[in-house]
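These notes concern the structure reproduced below.
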Amino acid sequence: KDFNQIGQDVERSVPQNIERPVMMILKSLQSLDGIDKGLRFGGNLVFDRSSHNTPMTPDEFVDSGIAASEPDIPTSCDNGRSGPDRLCVLSNPELTRASSTLLFVCEFENHDRLPIERLREVLQPATEFGQASQSTALNAKVKNGVAQSYNYLMESPTGLGILVTVQALVFLRVDRDNPGTLFYHIAAPAEDVAQAMARDAARGISEATSKRNSLFLSAVGQYLAFTLMAMRHPRLPGQEARLKFIKHLPKLPWKGRGHEDKNGASDSSGYCTDESSIRGQSEKNTKSNQLSGGRKHRAQDWPYCSQRCLLGLIRGDDLDWSCPNVTLHCQGKASEAGHIQNRHSISHSEWLSLLWDQFQQSLDVGITYEGVSGARGRFFKVTLLAYGYTFVSKGAVSAHVKHLQHEAEMYKQLEPLQGAHVPVFLGAIDLRTMRKNLWVDFGAHVVHMMFLSWGGHHIEQDKMVRFEISRSRLIEQAEQAMESVHGRGVLHGD
1 KDFNQIGQDV ERSVPQNIER PVMMILKSLQ SLDGIDKGLR FGGNLVFDRS
51 SHNTPMTPDE FVDSGIAASE PDIPTSCDNG RSGPDRLCVL SNPELTRASS
101 TLLFVCEFEN HDRLPIERLR EVLQPATEFG QASQSTALNA KVKNGVAQSY
151 NYLMESPTGL GILVTVQALV FLRVDRDNPG TLFYHIAAPA EDVAQAMARD
201 AARGISEATS KRNSLFLSAV GQYLAFTLMA MRHPRLPGQE ARLKFIKHLP
251 KLPWKGRGHE DKNGASDSSG YCTDESSIRG QSEKNTKSNQ LSGGRKHRAQ
301 DWPYCSQRCL LGLIRGDDLD WSCPNVTLHC QGKASEAGHI QNRHSISHSE
351 WLSLLWDQFQ QSLDVGITYE GVSGARGRFF KVTLLAYGYT FVSKGAVSAH
401 VKHLQHEAEM YKQLEPLQGA HVPVFLGAID LRTMRKNLWV DFGAHVVHMM
451 FLSWGGHHIE QDKMVRFEIS RSRLIEQAEQ AMESVHGRGV LHGD
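Following UniProt numbering, the numbering of the sequence shown begins with 1 at its first residue and continues without gaps.
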């Protein structure tokens, strides 16, 4: 197999000719004795299509009707295509998607868009990003392709990526401490191998030895080296650091590759950076996180509160002493008389206010994305750190906020059934009111969070047998719940 050639159809050839050999080599490396621990990994290395790289319909860009005066939070590249062509991911098939680790992003471009000579011309160290030595339509396409990759890197947890063309691999990196600079290396595998073999021949090295040595410079060899480097690359900071950084990025129109007119222009727009305008503007977050305290690393492991506990919070009733977090709910307002406290320490309105304050201070603690998504929502585990209340959240991107608001109205109508046939509805927070959003995937920025009591585990058939759960009894209970919901005038259409 010729590992030097990328192939004329990049999108088809890269998975077969480069990614597959890289995965096979890495799998073989894991069985070798003495391999560096930093290069060992559990699970699988996969190159996968981004879950958000399909064109979005115009309806999905429509906002939810939130007043225009509310702050607009910048997100990258709302250009009808909101994810990179490919993701390199370390995943564990036994765990949820949330346990996966993104190593780098990949973008594919065919020869007519990004010829290597134009890449070398535009990506000059002396040339400011976003400018070219000569303004041409072809150079504009090159800048557009690089700008698109840059935007994905700014969203990526690692800031690493590869732009693949027919002739070249452009390895990319961004540093959030220096966001005005795009670090890159242009590799031309076929040229690199030919030059290396010519040098070896001049030194009298045999052709067989030269071919073996040149494998490190092949497309597969360089892809593999970048993957190994990415495995040891530190993850970038969390949600708060991302938000702080994004706020310092000025908008710079760039042309998406979705809809070009006859002049090569596009009606898409997004943001990337103008180096001269943002150099040196990146702030370092020196403020310590006051929320985390000694419980920062334990909150995500706290069990969910019971239905009765959260129902009591909503209705102002007694504590549920069977709730696994009940002792945490009592803190802060212990009775001065020394008698046992039976009521919740805070009201529901205080609870929601405290949660809003917690989110405003930090989105990095007390919120865990569980890697589960539905048609219009993402599943989170949330803890009110001050009192240990642990529950679930259904988060929505801006286009789906209206659906969650409608769902909230249905829960209010089902209030008498909450905690028995339906979960307890705990309220909602719109993150845009505090100029924030939660990044969960490329093009997926959660802006609205609805809070509910945990409904329980999904019961598989084998678990029903193991725990001696009667299928007929389960069906009977489900039918009772549906009849109760319908009896309140709500048609369950999910």
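Ideal Cβ placement from N, Cα and C applies to all residues, glycine included.
- With 16 or more other CB atoms across the displayed protein chains lying within 10 angstroms of its CB, residue 441 is buried.
- Note on the stretch 179-253: whole alpha helix (DSSP H) runs with a minimum of 4 residues are 189-202, 207-214, 219-231 and 239-246, in chain order.
- Look at the beta carbons and you see the stretch 408-420 not touching the stretch 339-357: under three pairs across the two are nearer than 8 Å.
- In this structure, the CA atom of residue 48 is about 27 Å from the CA atom of residue 393.
- Under DSSP, residue 305 shares a beta bridge with no residue.
- The alpha carbon of residue 196 has as its nearest neighbour, out of 22, 218 and 169, the alpha carbon of 218.
- Under DSSP, residue 107 takes part in a beta bridge, and its partners are 163.
- Three or more pairs of CB atoms, one per stretch, sit closer than 8 Å, so the stretch 375-395 contacts the stretch 300-310.
- Residues 116, 167 and 168 of the same chain have their beta carbon placed closer than 7 Å to that of residue 188, with the five preceding and five following residues left out of the count.
- When C-alpha distances from residue 215 are compared across 194, 318 and 91, the shortest belongs to 194.
- Scanning 32, 164 and 377 for the CA closest to the CA of residue 12 turns up 164.
- Annotation for residue 33: no beta strand (DSSP E) segment contains it, and DSSP assigns it neither H nor E.
- The Cβ neighbour count for residue 311, taken over all protein chains shown within 10 Å, is at least 16; the residue is labelled buried.
- By the neighbour-count criterion, in which a residue is buried when 16 or more other Cβ atoms sit within 10 angstroms of its Cβ, residue 201 is exposed.
- By the Cβ test, the stretch 224-237 is in contact with the stretch 147-160, since at least three Cβ pairs between them sit closer than 8 Å.
- Per DSSP, residue 487 is one residue of the alpha helix (DSSP H) stretching across 471-487.
- Nearest Cα to residue 29 within the set 492, 191, 199 and 228: 228.
- Of 224, 118, 330 and 142, the smallest CA-CA separation from residue 18 is found for 224.
- Ranking 473, 362 and 478 by CA distance to the CA of residue 455 puts 478 first.
- Nearest to residue 20 by alpha-carbon distance, out of 9, 33 and 88, is 88.
- The Cβ-Cβ distance between residue 431 and residue 449 falls below 8 Å.
- The criterion of a C-beta distance shorter than 8 Å is satisfied by residue 377 and residue 395.
- Contact check for residue 489 and residue 413: beta-carbon distance about 7 Å, within the 8 Å limit, so the pair qualifies.
- Residue 368 sits in a strand when the DSSP states are folded into three classes.
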